[in-house]
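Encoded as structure tokens, the structure appears first; notes follow it.
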Amino acid sequence: VYTSMAAKLFKIYSISLSKRPLLTKALTAGSILGFSDALVQITSEPSWKYKRTILMYIYGALVVAPLGHYWFNLLDRLLPIAASSQIRVFPKYLTKVLVDQTLMAPIYVSTFMATRAFYDGYSLPQTVALLKKDFWPIYLRSLSVWPISQLFNFYFIPLQYRVLFLNLTSFCWSTYLAWFTSKIESVPSSGYYESAK
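For what it's worth, this note's numbering labels the leading residue of the sequence shown as 11, then goes sequentially.
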């Protein structure tokens, strides 16, 4: 029953994706990141701040989805991979991951941090100070997960579904962080930002 329902939902998603790709990705990214934020709060924080969840929905819809949509399309145009032996062209996939993690990952991390700082009431100078202090530790921590995830994404996932895979991976990462940080009292308050990418 659940398999059949999932197949129907995926079919509806695919049809919507073919007709309105950016809108579909925006609504999906917003929903996944909003739900992820709500789950993180419910499982690891004293109370649920619904305004933060709404902000994360907006961030997913207006930042993550458009960036992912245009970035993945651009990568495929700049670094095309012919339909040949997957093993023979594997180094090209590694090049894609390197470019992605060098150019786009820092943008995801910094925009996520800035979005959370905005919610927390930080001024512009405070946000800049936060980025200077926490960006590199968070970005380096993210490299333990995202290069492998993106290699799988580029290697196995069709172009039109890559933003969806990106969002689902982000959801799992955020959920793990919520569980992990609830076990360790000494984790810095900025640790949540690691769910950015």
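Yeah, the Cβ is synthetic: ideal placement off N, Cα and C, and Gly gets one too.
Keep in mind it's a predicted model, so treat the numbers as computed, not measured.
Query: What do you get for residue 100, buried or exposed, if any count of 16 or more other CB atoms within 10 angstroms of its CB means buried?; Result: exposed
Query: Based on Cα-Cα distance, which residue from 64, 152, 142 and 108 lies nearest to residue 184?; Result: 152
Query: Counting Cβ pairs closer than 8 Å, one from the region 20 to 39 and one from the region 155 to 167, do we hit at least three?; Result: no
Query: Helix, strand or coil: how does DSSP classify residue 132 here?; Result: coil
Query: Please classify residue 199 as buried or exposed, where buried requires at least 16 other C-beta atoms within 10 Å of its C-beta.; Result: The predicted position of residue 199 is uncertain, since its pLDDT is 42 and thus under 50; no value can be drawn from it.
Query: Please report the distance separating the alpha-carbon of residue 16 from that of residue 36.; Result: 20 Å
Query: Can you tell me which of 138, 98, 114 and 24 puts its alpha carbon nearest to the alpha carbon of residue 85?; Result: 114
Query: According to DSSP, is residue 116 helix, strand or coil?; Result: helix
Query: Since residue 47 is in the alpha helix (DSSP H), which residue starts that stretch and which ends it?; Result: 31 to 54
Query: Using a Cβ-Cβ cut-off of 6 Å (strictly less than) and excluding sequence neighbours within five positions of residue 102, which residues of its own chain qualify?; Result: 91
Query: With a CB to CB cut of under 8 Å and the five nearest residues on each side skipped, what residues in its chain are close to residue 178?; Result: 42
Query: My understanding is that residue 76 touches residue 32, with C-beta atoms under 8 Å, so please give their C-beta distance in whole angstroms.; Result: 7 Å
Query: Where does residue 99 fall in DSSP's three states?; Result: coil
Query: Measure the C-alpha to C-alpha separation of residue 157 and residue 19 and round it to an integer number of angstroms.; Result: 29 Å
Query: Relative to the C-alpha of residue 146, which candidate in 131, 136, 112 and 169 has its C-alpha closest?; Result: 112
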